[in-house]
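Quick note on the numbering used here: the sequence shown kicks off at 7 and runs consecutively.
Where is the CB? At the ideal position from N, CA and C, for every residue including glycine.
Since we're looking at a predicted model, the values are computed, not measured.
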Amino acid sequence: MKYAVNEHGYYGKFGGAYIPEMLYPNVEELRTKYLDIVHDAGFQEEFQQLLRDYVGRPTPLYLAKRLSERYGAEIYLKREDLCHTGAHKINNTIGQILLARRLGKQKIIAETGAGQHGVATATVCALMGMECIVYMGKVDMERQRPNVERMRILGTKVIPALSGSMTLKDATNEAMRHWINHPTDTHYIIGSVVGPHPYPDMVARFQSVISEEIRKQLNEKVGNPYPDYVFACVGGGSNAAGAFYHFLDDEHVNLVGVEAAGLGLDSGESAATTVLGKPGVLHGSKTLLMQTADGQVVEPYSISAGLDYPGIGPIHAHLFDVGRVKFVSATDDEAMHAGIELSRTEGIIPAIETAHAIAALRQFEFQKDDVVVINLSGRGDKDLETYIKWGKY
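So, in structure tokens, the structure goes:
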């Protein structure tokens with residue numbers, strides 16, 4: 007693949023493993039073993055069986071007729087919201103828990119923003135009978151309370167991150183700190199295509215089932231595996247990496263990543279990294295990062311907890327850098343209106359993260375026969391409080 011990670015863990019000039027010495031054995035063990043484990047026939051058999059019988063894959067590819075009429079294109083929704091736990095995150099946690107077991111790890115830690123990755127991690131730990139701790143920003147714990155309680159019901163300990171903006175970045179810091187102190191018996195399930203190599207590549211591989219299915223399903227529906235556009239929201243970028251993965255080398259497929267503009271690109275309250283960021287190192291990799299002139303991380307903001315991150319995965323930084331993916335953004339209000347629009351045109355309440363991808367439709371002029379796929383990465387149950395507080399429906 008033209009856009010694949012190289013042997014040094016880089017996508018172009020982004021990626022690598024910038025880690026403290028204490029973490030080197032963990033990361034090196036993963037780097038040297040993950041491909042052999044993932045390609046093993048026994049691993050794949052167990053992974054595919056769980057995706058099918060436990061997660062509920064393949065997820066439907068649904069032609070949204072009323073939305074299509076509104077935007078003058080054939081718009082399909084890839085229904086990742088119908089996965090067990092309500093989002094795409096479970097694809098990756100199933101893969102990583104199987105990997106951790108083969109590496110002989112007994113304990114799992116994770117970070118979460120919107121709580122969907124935390125719930126997915128808690129779910130697979132319950133499934134496999136493994137001890138689990140999830141770090142979550144105090145602010146996110148308050149705005150995503152149902153997911154906190156789901157994790158606790160599943161037997162996971164949820165620890166609040168109390169530093170910085172008390173959101174996803176800070177939860178990731180705490181999880182990294184924990185891993186440094188428990189290097190031998192613990193595996194860190196990172197939820198997005200961020201972190202030191204091999205995490206971005208590993209997570210993208212586990213999520214690539216999304217685009218693999220889109221190709222097959224489109225071929226069955228329209229006789230052509232290639233859409234004209236694929237839209238996905240981007241925080242760290244795991245759902246987008248999965249939705250784009252099998253189309254990256256097909257340059258005629260337009261790939262669109264939608265970031266959170268928050269209160270506006272110039273408001274100082276935003277998370278649109280490709281507009282506001284510059285190269286820097288965060289959470290173990292070199293990527294695009296919102297930072298001050300002297301390299302301090304700028305606190306991000308988005309109404310959606312899952313997009314409230316000051317960087318993007320190095321794979322997305324590279325795809326932006328070389329122009330393979332077009333990055334646009336949507337404000338809080340645009341996203342919330344789009345969430346209501348989808349609810350009322352198709353009877354599907356989306357996660358607010360996903361609503362950003364739907365909001366971007368109005369920035370494009372489509373041809374009538376254009377085939378557009380939106381990765382509907384999560385369902386809106388977790389966001390009802392935010393929808394209610396916003397109240398403009």
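**OP:** Measure the alpha-carbon distance for residue 400 versus residue 31 and round it to whole angstroms.
**Re:** Missing from the structure shown is residue 400; the chain here goes from 7 to 399 and no further.
Subject >> Reduced DSSP category for residue 128 - H, G, I as helix; E, B as strand; rest coil >> reply: Residue mapping note: residue 128 aligns to position 122 of the sequence shown, counting from 1. Residue 128: helix per DSSP, three-state reduction.
**OP:** Would you decide whether residue 117 is buried or exposed? Buried here means 16 or more other CB atoms lie within 10 Å of its CB.
**Re:** Taking the first residue of the sequence shown as position 1, residue 117 is located at position 111. Within 10 angstroms of the beta-carbon of residue 117 lie 16 or more other beta-carbons, which makes it buried.
Subject >> Cβ shell of residue 200 (< 6 Å), same chain only, five flanking positions each side left out >> reply: As a position in the sequence shown, residue 200 is number 194, starting the count at 1. Same-chain partners within the cutoff: 242, 289 and 319.
Original post:
residue 50: buried (16+ other C-beta within 10 angstroms of its C-beta) or exposed?
Top reply: The residue labelled residue 50 in the question sits at position 44 within the sequence shown. Exposed: under 16 other Cβ atoms inside 10 Å.
Original post:
What's the gap between the Cα of residue 293 and the Cα of residue 284?
Top reply: In the sequence shown, residue 293 corresponds to position 287, counting from 1. In the sequence shown, residue 284 corresponds to position 278, counting from 1. Near 8 Å, if we compare the C-alpha coordinates of residue 284 and residue 293.
Subject >> Nearest to residue 126 (by Cα), restricted to the options 219, 169, 99 and 21 >> reply: Indexing the sequence shown from 1 puts residue 126 at position 120. It is 99 whose Cα lies nearest to the Cα of residue 126.
Subject >> Same chain, Cβ closer than 6 Å to residue 79, neighbours up to 5 away in sequence not counted >> reply: Here the question's residue 79 lines up with position 73 in the sequence shown. Cβ neighbours of residue 79 beyond the five flanking positions: 372, 376 and 378.
**OP:** Could you tell me which residues DSSP pairs with residue 83 in its beta bridges?
**Re:** Residue 83 sits at position 77 when you count from the first residue of the sequence shown. DSSP lists 68 and 380 as partners of residue 83.
Original post:
Looking only at C-alpha atoms, which of 206, 219, 237 and 169 sits nearest to residue 368?
Top reply: Locating residue 368 in the sequence shown gives position 362, counting from the first residue. Nearest neighbour of residue 368 by Cα position, chosen from 206, 219, 237 and 169, turns out to be 237.
Original post:
Is residue 249 closer than 8 Å to residue 8 when the C-beta atoms are compared?
Top reply: Residue mapping note: residue 8 aligns to position 2 of the sequence shown, counting from 1. Residue mapping note: residue 249 aligns to position 243 of the sequence shown, counting from 1. Cβ atoms of residue 8 and residue 249: not closer than 8 Å.
Subject >> Counted within 10 angstroms of its Cβ, other Cβ atoms place residue 388 as buried (16 or more) or exposed >> reply: By 1-based counting over the sequence shown, the position of residue 388 is 382. Under the 10 Å beta carbon count, residue 388 is surrounded by 16 or more other beta carbons and is classified as buried.
Original post:
residue 298: which of 313, 274, 312 and 104 sits nearest, CA to CA?
Top reply: The residue you call residue 298 lines up with position 292 of the sequence shown. The residue with the shortest Cα to Cα distance from residue 298 is 274.
**OP:** Using three-state DSSP, classify residue 253 as helix, strand or coil.
**Re:** The sequence position of residue 253 within the sequence shown is 247, counting from 1. Helix at residue 253.
Original post:
With C-beta atoms as the reference, is residue 308 less than 8 Å away from residue 338?
Top reply: By 1-based counting over the sequence shown, the position of residue 308 is 302. By 1-based counting over the sequence shown, the position of residue 338 is 332. In this structure, residue 338 lies closer than 8 Å to residue 308 by Cβ.
Original post:
With a CB to CB cut of under 6 Å and the five nearest residues on each side skipped, what residues in its chain are close to residue 399?
Top reply: Taking the sequence shown and counting its residues from 1, one reaches residue 399 at position 393. Counting only Cβ-Cβ distances below 6 Å, and skipping sequence neighbours, we find 346.
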